[in-house]
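The opening position of the sequence shown corresponds to residue 66 in this note's numbering, with each subsequent residue numbered one higher. Cβ coordinates follow ideal geometry from the N, Cα and C atoms, glycine included. Take a look at the structure below.
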Amino acid sequence: MAKKSAVNRNEMVKKLVKQFAGKRDALKAVANNESLPLEERFEARLKLAELPRNSSKTRIRNRCEITGRPRAYYRKLRMSRIALRDLGSNGQIPGLVKSSW
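Structure below.
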């Protein structure tokens, strides 16, 4: 079996999050509803814990769309600082002016 890269693993996590989003939200709503009995809320928490860990939204790592780099990520541009700098130097990003790189 070939070793999966972190980029491929992150894509798998995104699919799991999408797949279990409805079930996870429903269980969270029951677990956090104070008007329900304690036993019912506790049972919802147990079912929530049985879901795959990677189906949690917080497990998704922001990665550069171009390079896959996880660090120095600009959310609005969906790319890392290195990819931004390369594209900016080549004049491929409108409005971005090279200052003192």
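Bridge partner(s) assigned by DSSP for SER145: TYR138
Stretch-stretch touch, CB-based, cutoff 8 Å, three pairs: the region 137 to 153 with the region 105 to 123: no
In this structure, does DSSP put THR132 in helix, strand or coil? coil
When the Cα of CYS129 is compared with those of LEU161, LEU113 and TYR138, which residue comes out closest? TYR138
Length of the line joining the Cα atoms of GLY133 and LYS88: 29 Å
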